[in-house]
Amino acid sequence: MAGLTCFELAWRDRPQEEATHFNPAFCGELLVRAINEFRKQAGNAMPLAYAFVVLPLVLHPGARKALPGRANTAFASWAGENAATLGILPDRTLRLRPVTREALLFLAQLDAIKISPDGVMAGKRLIKLGTRPSVTTDEVDAMRRAAGLLGRWLGNQSDSAAVLQTLGVRV
């Protein structure tokens, strides 16, 4: 097991905190929220590359707080005002890539999403997102709201390549 990151370890061998915060069900819920809101806004599938920036922006408290309050915020001006956050986003995206992959695979196995050349969209088995869990925290609720906002905001952008370039993320 030497040389493996915590995300490459078997679940029983992962540190409890990572297993709790980065589990595929919770991360998958956040991705589905972004995917659904993207589709509502843009009318089509979310580019697969966007799925890999959702978790790094939503799970990290500093990045989440830097997100705009509204989905109609100008992307270029927001990026200019948040250069420090965007400077570390590529590294965070690479580090969370295994988590995103695991969540996408989990969702695909459940048939909750469909991945096609057009992007990622809801699958045959829809996940009910309207019901608030009986046990939650303010931080988790903020993550859920941020994922939906991010989906709507990315759905407002016309050029996914320009968005990814501005975020500093290479496909």
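With the numbering used here applied, the sequence shown corresponds to residues -3 to 167, in that order. We put the CB at the ideal spot given by N, CA and C, even for glycine.
Can you have a look at residue i and say buried or exposed, based on whether 16 or more other CB atoms are within 10 angstroms of its CB?
| i | result |
| --- | --- |
| E33 | buried |
| A47 | buried |
| T133 | exposed |
| L122 | exposed |
| A30 | buried |
| P57 | exposed |
| R79 | Strictly speaking, residue 79 in this sequence is Ala, with Arg absent from that position. Answer is exposed; the Cβ neighbour count stays below 16. |
| G76 | exposed |
Would you call the CB atoms of residue i and residue j closer than 9 angstroms?
| i | j | result |
| --- | --- | --- |
| V50 | G147 | yes |
| V159 | F71 | yes |
| T89 | V28 | no |
| P86 | W74 | no |
| K110 | A118 | yes |
| L82 | G24 | no |
| W149 | A67 | yes |
Please report the residue range of the beta strand (DSSP E) in which residue i lies.
| i | result |
| --- | --- |
| K110 | 109 to 112 |
| A118 | 115 to 118 |
List the endpoints of the continuous alpha helix (DSSP H) containing residue i.
| i | result |
| --- | --- |
| F34 | 20 to 38 |
| R91 | 79 to 105 |
| T162 | 156 to 163 |
| M139 | 134 to 151 |
| L51 | 44 to 55 |
What does a CB cutoff of less than 8 angstroms around residue i pick up in its chain, not counting 5 residues either side in sequence?
| i | result |
| --- | --- |
| M(-3) | Low per-residue confidence applies at M(-3): pLDDT is 45, beneath 50, and the placement is therefore not dependable enough to give any value. |
| S112 | A41 |
Given residue i, which residues of its chain have a CB within under 6 angstroms of its CB, disregarding the five upstream and five downstream residues?
| i | result |
| --- | --- |
| S156 | P43 |
| G151 | F34, Q37, A38 |
| D114 | A41 |
Can you list, in chain order, the residues of its chain with a C-beta nearer than 7 angstroms to that of residue i? Leave out the 5 residues immediately preceding and following it.
| i | result |
| --- | --- |
| V54 | L26, R60, M139, A142, A143, L146 |
| P52 | A59, L85, R88, T89, L92 |
| L163 | V49, L82, L85 |
Would you say residue i faces chain D, with C-beta separation under 9 angstroms as the test?
| i | result |
| --- | --- |
| L53 | You won't find chain D in this structure, because it holds only one protein chain. |
Would you be able to state if there are at least three C-beta pairs under 8 angstroms between the region 17 to 28 and the region 93 to 103? yes
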